[in-house]
Amino acid sequence: MFGDLFEEDYSSVSNDHYGKGKKLKTKALEPPAPREFTNLSGIRNQGGTCYLNSLLQTLHFTPEFREALFSLGPEELGSLEDKDKPDAKVRIIPLQLQRLFAQLLLLDQEAASTTDLTDSFGWTSDEEMRQHDVQELNRILFSALETSLVGTSGHDLINRLYHGTIVNQIVCKECKNVSEKQEDFLDLTVAVRNVSGLEDALWNMYVEEEVFDYDNLYHCGTCDRLVKAAKEDKSNPDVNLEDLQNEEIDDPLMILKAVLLQEESNLIPVDQLGQKLLKKIGISWNKKYRKQYGPLRKFLQLHSQIFLLSSDESTVSLLKDCSLQAESDTRRNDQQLLKTLTSEPPGLNDRPSCPHWFDVNDSQVQPIKEEDIEQQFQGKESAYMLFYRKSQLQRPPEARANPRYRVPCHLLNEMDAANIELQIKRAECDSTNNNFELHLHLGPYYHFFNGALHPVVSQTESMWDLTFDKRKTLGDLRQSIFQLLEFWEGDMVLSVAKFVPAGLHVYQTLDGDHLTLCEIEIADGEDIFVWNGVEVGGIQIPAGSDCEPLLLNVLHPATSSEEEQCQQLIDSPYVFPSNAEIGSVFTACAIPDGVILVNSAESVGEESWTTIPKEDLKKTFREQGLRNGSSILIQDSNDGNSLLTKRGKWITSVNEVDWLQVKNLCQLDSEEEQVKISATLNTVVFDIRIKAIKELKLMKELAEDSCLRPIDRDGKLLCPVPDNYTLKEAELKMGSSLGLCPGKAPTSSQLFLFFTVGSDVQPGTEMEIIVEETISVRDCLKVMLEKSGLSGDAWHLRKMDWCYEAGEALWEEDAALKELMLSSGDTLLLIEGKLPPLGFLKVPIWWYQPRGPLHHWKSHQDQTNCTFSQGGVWRANSIQDAPSDAHAEVSLRYLGDVEISEDATLGELKSQAMTLPSFSEFSIPSPAFLRAWTVESRRPSRLLRVHYQRLREYKLGQRTEICLEPLQKEENLGPQHVLLRTQMRLPGKRAYALPVDLVWDTARGWTAGSLRHRVADFYSLPVEKIEIAKYLPEKFEWLPVPSWNQQITKRKKKKKQDNLQGAPYHLKDGDTIGIKNLLVEDDDDFSTVRDDIGREKQKAFALGRKKRQEALRVRSSDVPSGAEMPPRPRGPEASLSIHVGSFR
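If you want it as structure tokens, here you go:
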């Protein structure tokens, strides 16, 4: 389950240092967030590794474990820089654990990553997405550490810290014989129900006496009969966990002396000496001393000057001359030893509880109150695994509040460098994200003329660039500008300005010094005009969007000195406020009266003039739809001959088409169903809508709650047009039809979207929503589900492509619609099924049972279940509505979907597919007995051949489907191998035997001769006595492969080797090859009776389609020209394919 956790696989581990190619989960421009106020670091979840994170945090907060691991230096563990060297012995798991603990202690980031650690475990992405048992992980991790630390000073690290022994004692009530059995443990399992605390649970499980009596008697070996007995367990923790400084305990000579001195007769059987030793130090001789000193009897023999063994070596005693000499020292040491070993275990209430509790939940570390912990675990929920640390263990003074304590120097240097790099990146990110450029235009350097502001000297001297933090307030900005402009006197007003064709115009004055620049919506690159708020150069200037200056081209007759009009037009630029009346043109041009005409031509260089009625001269330039660059003509109202006519130009008072048709779609009664509204290309949509409401005689309330929507030729309502657009900006042509619909049009920051449920888009069934362009994909999905009346989170969005089919999915659920380049009028499809995470594939798996002698791996339930065509089975045919053929028929049975990482291998995909419930019907020994194909057009397409190759390298894509074919034996296809289905033709019949797989090695070329020799060898036939042909299932035809292997080019008369990869064969994996034995049958026909039937039905199908098309053309010719034609049905999109040779 945990891959190669016990193996030190140095070649496949990725362990780059922080900031050097590390796979960061955050965006490239956003470094990891710093630690929060708790100053503690969490651990990021890789998808399903919360159980791992909790165990690692527990071990990290155990200083004895952490510092024991830190004590192992590079001279024992090796260096991560040497992990790729062939002869280097690098212990990667403890090195990665050291590095993770150093990051949790010292690295200023909110959460650390376990990617490098799990990579050293040999875990795949699939393991990182699964939940596992934390107790099992603890045991496996400890075992892996023990294996990794063999031969180092930390070989007994786990044993020193967490080892204990349980001694099971059974005492016979008759003879008092004691039978003992010891068991080692690293953790204890206790029942916690109906107990007050840990001590009670341990007492009930391991201390309380169990009596054997009545029907449950004990067989005593000494009494040799069933007797009453009592059983109890004694738990002895490892001595070194309680006192790591007592070096004298490790001297077996002193311990054995102390044991023998406690015996009254100073004589004890050797077997009982081992048991006494176990009771005293809590660990057996074999586990503690055998590796260093050998067996116990051998140790006693080697120290014959101290110990006296009996002749049969069954008993041992101390020599008298040694016992008196060593008694005082031994008893003194034994008292210290007993004091260490018999110290009572800490109770739950030995000292006041720590006031600082923290809830460590993956990346988040938050303080938590003790009463909240008690409340959380007082119900059904219970703590599953608890770690206890002795309360007597005291930390040295230099370790308190010092996270650098005992951390190796190389890790301290790495963490210091990483923190400096993080600070630099955060400063750069902060500057990038929060600083923006402002262009300051200084009032004293400008003057006002011709309707706008212009620099006195040059644009360079009058504009200053300022980089400023957008999180600061407007008052901060004002103060900074005051400091820059030491010459400034008096009030300072800051206004937003913009460049227009006439010059610089002031729009909005900025107020609210307490507001930040973000809150007042100052944009990057904004132009800020700095002035006193009243005048510039002694002239009061107009401000605001209403009086935005318009630069117009005015044509008017020239006036002579006698104030008589000449026959010549003067084209002069004039600037007018957009809220001024059109009649002010006469005053500006010093013309008392006349006729005003506006050029409404759509294209530059064309002229199409429209006369403005006198009653419209009171309208403003904006109401008339005039924009910068518009042209106005003034001529005398009494002049019957147009000056433009005399210049060879024509004026049309009314264009050929100068109207729009507006239909009433508000579901309100009106006298008219539709009206025509006169307009020009520069007319604003708002004016057209208001005119339509008046002429349709609808309620005035619709002016605030209605919109205009174009109607296409199929009668479909398109996206609403914003009111502030002109017809030209909205790309509406004269004569178009618009629908007056209820509801407001989207603003400039909103999107109007169509959406439908499912991928089958029926015209007219789409639903509509208006959302902000900054809304995320996830929130947009919720809005659509709510409007559709659907629930659940197993849905995703896809954008409809150009052929009205489901396109690519919107993967980035947190991205804004604007970032994904969505625009108003787009159609989104609401598709059932949740998208896999980024970097993962959701692959539909099919069972592929080809027609052939492969019955061994079929279903237990139905030996022919792969050929029925119900439910989850595809039966693919060569053409739509055409009959199937024996060679073309493919049966695929759907098994289910597999969600897997793109970094997983093909073998892991097969293994995961074998866990699907539907797969249980098949008896497959291992993934090696499965062959994988991609599925295209409901049939196997591309063979995936390398078992250990990663899925990413196959470039499968998100819509790839896989079918699995059972094999009778394992196969290992190389890059030069081609898999073909061969069928031998039956003599005297127009039929073939069942297909047999043939592997052809193309290392010597894709020639016809090479293929013929391989087929002849496979069927044990002479190569000159066979003919072969490739089957084309879509045509029901056989394409013979010639016996020659060279052809002569016409141009250069050179011999050119043939290649079956190219036209017309395009040979590939899975193709069917027919074989004819010329020894028994000598003709050129490869076809079968089913081929004849298939071709005939193809012809009938093509003829019927041709007749239907002719009938449709006849009906269309009888329909009057004015009638609307039904939309032509859209056929299925044909798959596009390009035959490319194999370059394996």
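Residue numbers (the numbering used here): 4 to 1147. Cβ atoms here follow ideal geometry from the backbone N, Cα and C, with glycine treated the same way.
How many Å lie between residue i and residue j at the Cα?
{"i": "Gln765", "j": "Trp849", "result": "30 Å"}
{"i": "Thr470", "j": "Leu477", "result": "14 Å"}
{"i": "Ser82", "j": "Phe73", "result": "14 Å"}
{"i": "Leu189", "j": "Asp87", "result": "34 Å"}
{"i": "Leu982", "j": "Ser57", "result": "50 Å"}
{"i": "Arg942", "j": "Arg1015", "result": "27 Å"}
{"i": "Asn436", "j": "Lys697", "result": "50 Å"}
{"i": "Val1018", "j": "Asp1095", "result": "26 Å"}
{"i": "Val607", "j": "Arg474", "result": "With a pLDDT of only 49 at Val607, under the threshold of 50, the placement of this residue in the model should not be trusted; the figure read from the coordinates follows. Cα to Cα, Val607 sits roughly 45 Å from Arg474."}
{"i": "Gly547", "j": "Arg38", "result": "47 Å"}
{"i": "Pro545", "j": "Pro725", "result": "27 Å"}
{"i": "Tyr951", "j": "Gln106", "result": "34 Å"}
{"i": "Leu340", "j": "Leu280", "result": "Because the pLDDT at Leu340 is just 29, under 50, the model does not fix this residue reliably, and the value given afterwards should be weighed accordingly. C-alpha separation (whole angstroms): 12 Å."}
{"i": "Leu684", "j": "Pro713", "result": "15 Å"}
{"i": "Arg163", "j": "Gly836", "result": "52 Å"}
{"i": "Asp227", "j": "Glu177", "result": "11 Å"}
{"i": "Arg993", "j": "Asp1088", "result": "9 Å"}
{"i": "Gly515", "j": "Phe532", "result": "16 Å"}
{"i": "Gly742", "j": "Ser791", "result": "25 Å"}
Cutting at 8 Å between CB atoms, please list the residues of its own chain near residue i, excluding the five before and the five after it.
{"i": "Ser587", "result": "Phe579"}
{"i": "Glu212", "result": "Ala233, Lys234, Glu235"}
{"i": "Ala48", "result": "Position check: residue 48 holds Asn in this sequence, whereas Ala was assumed. Closer than 8 Å at the Cβ level, and outside the excluded window around Asn48, lie Asn56, Asp365, Ser366."}
{"i": "Pro370", "result": "Thr41, His359, Trp360, Phe361, Asp362"}
{"i": "Asn269", "result": "Leu263, Ser320, Leu321, Ser326"}
{"i": "Glu626", "result": "Val687, Asp690"}
Please name the residue, chosen from the options, that lies closest to residue i on a Cα-to-Cα basis.
{"i": "Leu959", "options": "Cys966, Glu974, Thr937", "result": "Thr937"}
{"i": "Leu152", "options": "Phe104, Ser548, Ile95, Arg398", "result": "Ile95"}
{"i": "Leu663", "options": "Lys301, Ser434, Leu735", "result": "Leu735"}
{"i": "Trp612", "options": "Ile637, Ala593, Thr729", "result": "Ile637"}
{"i": "Glu492", "options": "Pro504, Asp479, Trp534", "result": "Trp534"}
{"i": "Val557", "options": "Cys550, Gly540, Val537, Phe589", "result": "Phe589"}
{"i": "Asp472", "options": "Glu431, Phe451, Phe490, Gly446", "result": "Glu431"}
{"i": "Tyr387", "options": "Ser313, Leu396, Asn141", "result": "Asn141"}
{"i": "Arg398", "options": "Leu497, Arg781, Ser827, Phe64", "result": "Phe64"}
{"i": "Glu964", "options": "Arg403, Gly899, Val1026", "result": "Gly899"}
{"i": "Ile927", "options": "Thr463, Leu823, Ile1029, Glu968", "result": "Glu968"}
Given residue i, which residues of its chain have a CB within under 7 Å of its CB, disregarding the five upstream and five downstream residues?
{"i": "Ser317", "result": "Pro272, Val273"}
{"i": "Gly45", "result": "Glu113, Ala114, Val363, Asp365, Ser366, Gln367, Val368"}
{"i": "Arg481", "result": "Met495, Leu497, Asp516"}
Ignore the nearest five residues each way along the sequence and tell me which others in residue i's own chain have a CB closer than 6 Å to its CB.
{"i": "Val363", "result": "Gln60"}
{"i": "Lys694", "result": "Ile680"}
{"i": "Leu970", "result": "Phe932, Arg934"}
{"i": "Leu520", "result": "Lys473"}
Let's test the definition: count the other Cβ atoms within 10 Å of the Cβ of residue i and tell me whether it reaches 16, buried, or not, exposed.
{"i": "Glu251", "result": "Note on Glu251: pLDDT 38, under 50, position unreliable in the model; no value is reported."}
{"i": "Cys710", "result": "buried"}
{"i": "Trp206", "result": "exposed"}
{"i": "Phe68", "result": "buried"}
{"i": "Ile585", "result": "buried"}
{"i": "Pro1036", "result": "buried"}
{"i": "Lys283", "result": "buried"}
{"i": "Gln328", "result": "Annotation note: pLDDT 46 at Gln328 (below 50); position unreliable, coordinate value reported separately. That one is exposed."}
{"i": "Asp542", "result": "Just to set this straight, residue 542 is Ile in the shown sequence, not Asp. By the neighbour-count rule (16 or more Cβ atoms within 10 Å), Ile542 is not buried but exposed."}
{"i": "Thr52", "result": "buried"}
{"i": "Val214", "result": "exposed"}
{"i": "Ala91", "result": "exposed"}
{"i": "Met770", "result": "exposed"}
According to DSSP, what are the bridge partners of residue i?
{"i": "Cys966", "result": "Trp849, Trp936"}
{"i": "Val687", "result": "Thr729"}
{"i": "Ser709", "result": "Pro745"}
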